[in-house]
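Visitor: Chains as they are written, first to last, in the working numbering: chain A, 238 to 733; chain B, 510 to 670.
Here a beta-carbon is modelled for each residue, glycine too, at the ideal position from N, C-alpha and C.
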Amino acid sequence: MPLGFSFAKRGFFAAITIIVNWLGTNSAQAQLSGQNIAEFQYGQIPDDTTKFATIYDRLVLDYDINAFKVGLTLEQFWSPYSERNYIEPNQVRLQYKTDKWDIKVGNFYETLGRGTLMRTYQVPGSVLEDLSFRSRNYFHRDFLGASVKYQAEAWSVKALAGQPLNNVFPPTEAYELRRPDSVAVIGGDYQIKTHKLEYNAMYLNNERVDKWYSMMNLSGQILPELSYYAEMTIDNRDGILGKDDEYGWYINLNANLNRLNVTAELKDYNNILIGEAVNEPPALIKQHTYRQLNRSTHVPIPIDESGWQIDAAYSFEDGSVLSFNHARALNELGEVDFEYTEYFLEYSRLFNDQWDVKFFFDFAQDGVKGEENRTSFGVDADLLLKNRKSVNIEYEFQTFERQESGATNILLSLAYNYGSKFSIAALTEYSTDNFLVEDGNDYRVWLGTNIKYKPDFRNTFLFFGGTRRGGPACSSGVCYEILDFEGVELRYTRRL
Amino acid sequence: MIKYFLSFLFTILFGFNVNGQTVKNHTLQDINNNKVNLYDLKGEQVTVLDFWTTFCRPCMKAIPELNKIYSEYKDQGVQIIGVNCDGPRTVAKVPAMSQTLQIEYPVLVDINSDIFNSLNFSNYPTLIILDEKNKIKYMHEGFIPGDEEEIVKAINKQLSK
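1) Within its chain, find whatever has a CB closer than 7 Å to the CB of residue 661/B; leave out the 5 residues flanking it on each side and keep chain order.
2) From the DSSP output, in three-state form, read off residue 302/A for me.
3) Please state the DSSP three-state secondary structure of residue 520/A.
4) In angstroms, rounded to a whole number, what distance separates the CA positions of residue 463/A and residue 432/A?
5) Return the chain-ordered ranges of every beta strand (DSSP E) run that is complete within the segment 301-375 of chain A and spans a minimum of 3 residues.
6) Using only alpha-carbon positions, find the residue among 318/A, 304/A, 298/A and 320/A that is nearest to residue 311/A.
7) Taking C-beta to C-beta, are residue 395/A and residue 350/A nearer than 8 Å?
8) May I ask which residues mark the beginning and end of the beta strand (DSSP E) holding residue 419/A?
9) Which value, in whole angstroms, describes the spacing of the CA atoms of residue 666/B and residue 650/A?
10) Out of curiosity, what's the CA-to-CA distance linking residue 643/B and residue 653/B?
11) What does a CB cutoff of less than 8 Å around residue 414/A pick up in its chain, not counting 5 residues either side in sequence?
12) List the DSSP bridge partners of residue 586/A.
13) Establish whether the CB of residue 616/A and some CB of chain B are separated by less than 8 Å.
14) Please classify residue 291/A as buried or exposed, where buried requires at least 16 other C-beta atoms within 10 Å of its C-beta.
15) To which residues of the same chain is residue 647/B closer than 6 Å at the C-beta, ignoring the five residues directly before and after it?
16) Note down, in chain order, all residues in the segment 513-526 of chain A with a beta-carbon under 9 Å from any beta-carbon belonging to chain B.
17) Can you tell me which residues form a DSSP beta bridge with residue 660/A?
18) Would residue 670/B be called buried (16 or more neighbouring beta carbons within 10 Å of its own) or exposed?
19) Name the residues in the segment 323-342 of chain A whose C-beta lies less than 7 Å from a C-beta of chain B; which are they?
20) Closest by CA to residue 704/A, which one among 686/A, 380/A and 498/A?
21) Run through chain B and tell me which residues come within less than 9 Å of residue 621/A, C-beta to C-beta.
22) Do you know offhand how far residue 523/A's Cα is from residue 329/A's?
23) Tell me which same chain residues have a C-beta within less than 6 Å of the C-beta of residue 537/A, skipping the five on either side of it?
24) Is the shortest distance between the beta-carbon of residue 378/A and the beta-carbons of chain B less than 8 Å?
25) Taking only beta-carbon positions, decide if residue 266/A is within less than 8 Å of chain B.
26) Please compile the residues from chain A whose C-beta is within a distance smaller than 7 Å of the C-beta of residue 615/B.
27) Tell me, please, which residues DSSP counts as bridged to residue 544/B.
28) Would you verify that the beta carbon of residue 580/B is, or is not, closer than 8 Å to some beta carbon of chain A?
Pasting the structure below:
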C-alpha cells in the first residue's frame, strides 16, 4: 500500500504511544481522561470502482492538574491512497479554570449568543467523509486561538482571538484553506434578576475583507409563564448602526399555559454569512428524529432568509403528548423566490404499560429542493418485554412530486434491545426517487444490519454490514451530507 | 502502517486504568434564565447529571424515569440535574420541552456543551453519578427502557458508601 508514512511521522507516533503508556501506568496519581474512536471500513461509496479498506482513529487525551487542564487530539486516517492519508495532532489545548476565570489557549469551542455572530461546534461521535476529498475526519468546527473570560456574580467579560476552522476541508488540505478567517472578539453580559443583556463586538479579517460586526442579545422572563430571547447582529462597516442590507435578527418567545407549551421564533437574515466559517444563525426548522424527515430538513441560506417557526406541545393527564410544528422560510435570491413550508403533527402514548408508540404526520412544500406536496407519515413503537428487553419497530412512508414526476420513500426498521448493552437492528429502505434510482431501474433498495455491544461503560462496539442510504443528515443542529455506503464497518469506542 | 496502528490501539486498550474524573464548577443559565453555579445545586451525598437534548429520542424516554427516581431519592441527599446540550438551532425549545416532560429537577442550559465536551462524552443521553467530591463514580450512555433499574442500583451503591 502506498501509504506515505514518513520517518518523522513514525517518530511522532512512537512518542505519542510512549507518552500515552507512561501516563496510563501513572494514572493513579493524576486526572487523565480521554476517548478513542477507531473505525474500520471495508466497502465502497459512490464513484468508487472497487471495494477497499480504511482505518480512521481519533484519540482525545486530557490531563487535569488542579485548575489546569492540558489536552491533545490526535487524528489519523489510512487508506490505499496516500494523498488521502494523514496523522496529525489536530487539536492542542491548555485551560485554566476557576469559579471566576476561564482562560483557554489552543483549540476550543465557543458560541456567542445563538450563533448569528459566531458559532463553533462539534457533532459528537460523527466522522465526516466528503465526496471531493475522500478523506475522513471528525465532524467539528473549532476555534484556534486564545480566550479569557472573567465571571462575576451578575456580569462577565470575555475576549478571544484566533481562527475558526472551515471543516469543509479535511486535515490533508493546507492550513490557510482550512482557517482562512482571523477574528477578534470582545464582549460581556450583565444579568438583572432574570433578564440578561449580552454584547459582543467582532473584528474579522481574511483575504477579501476587513470588517467590524457587533451582536447584542437580550433575554429574560416577562412573566413566570412567558420568556423571551432577541438577538441582532449587524455589519458595522458603515458605522455603528450598520448597513441596511447586512444584518441578522432572531426573536424567540416561550409560553407555558398549564399543559400547553408554545415556542415561537422569528428570523430575518440578510447577507449575514460572516467569513468562510465564522457564524451559523439558527435555522428555525424542526430537526426531526424520524429518519426520512431528518433527511428532508431545510438548510437555511443566510444570504437571504426570513421566516418563522411555531412549536407547540400539549401533555394529557394520561401521560400522552400531542406535538405540533409549523415552519416557514422564504429565500429571495435574485429574481427567484424560494419558499419552504412545513406542518408536523405527532402523538405519543404508552399503551398497556407495554407499547410506547409515536405516530407522526408531516406535510411540506420545499421550494429549494423542488419537492412539492411532500407528505410523510409513520410510527415508531417500542414493545417493552421483561428483564430489560425490548423490541423497536419503525415505519416511515413519504411521497412527493418533483419536476412533474413522483417519488416514494419507504423505511422499515426492526430492532431487538437488551438494555443499553446489546442491540441488533435490520433497516431497509426503498425509493423510487429518480435522483437516486440507477438507469434502467424503477426503484432502489438498501438493506443493512446494525449491531451494538457495550460490555461496560468504557467499551462500545458498533458493527454495520450491508448497504446504507446516504443523503442530508442533521444532528446537534448541524446539517451535513452522508455518503451512500456498501460494505462492512466496525467502530470501537473506548473511554480512557 | 497496520503494525503501528495495532500497537497504538493495544496501548489504548491496556495502557489505561483511570478512575474518576472530577466535574469542575460551571456557571450556566437555568430554564428560567437565572445564572446558576453547578456546585450550588449538587446533592449532599450524590449528584446525578443527565446530559440531554430535545432532538434525542432516548433522552425523552429517560426523563420520565429520572423524574420518578428524583421523587424517590430527593430527600436522601440525592440531587438530579438535567444538563441540556441543545445548540442554537434547538435551544429555544428547551423551556417548553422541560415543561411538557414535567421535569421536576433543575435543568441547566449548556448551549456550548462545555461540561459535556470537557468530559469527552459523545452520546446523548449520558448520565453520570458524582460523589460528594464531584468525582464520577458511574456513567451510563444511551437509554433503553429498563436501564432505570441499573441507574437506581448505582445510586443505592453510592449512598451505601
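Guide: Straight from the coordinates:
1) 578
2) strand
3) DSSP places residue 520/A in coil when its eight states are reduced to three.
4) The straight-line gap from Cα to Cα measures roughly 12 Å.
5) 305-315, 323-334, 338-345 and 358-366
6) 298/A
7) no
8) 419-429
9) 37 Å
10) 26 Å
11) In chain order, 403 and 406 place their CB closer than 8 Å to the CB of residue 414/A, counting only its own chain and leaving out the 5 sequence neighbours on each side.
12) Residue pairing by DSSP places residue 586/A opposite 594/A in a beta bridge.
13) no
14) buried
15) 638 and 663
16) 517, 518, 519, 520, 521, 522, 523, 524, 525 and 526
17) 654/A and 689/A
18) exposed
19) 334 and 336
20) 686/A
21) Neighbours of residue 621/A across chain B, judged by C-beta separation under 9 Å: 654 and 655.
22) 35 Å
23) Closer than 6 Å at the Cβ level, and outside the excluded window around residue 537/A, lie 520.
24) no
25) Its pLDDT being 46, under 50, residue 266/A is placed unreliably by the model, and nothing is read from it.
26) Here the premise fails: no neighbours, minimum Cβ distance about 15 Å.
27) 538/B
28) no
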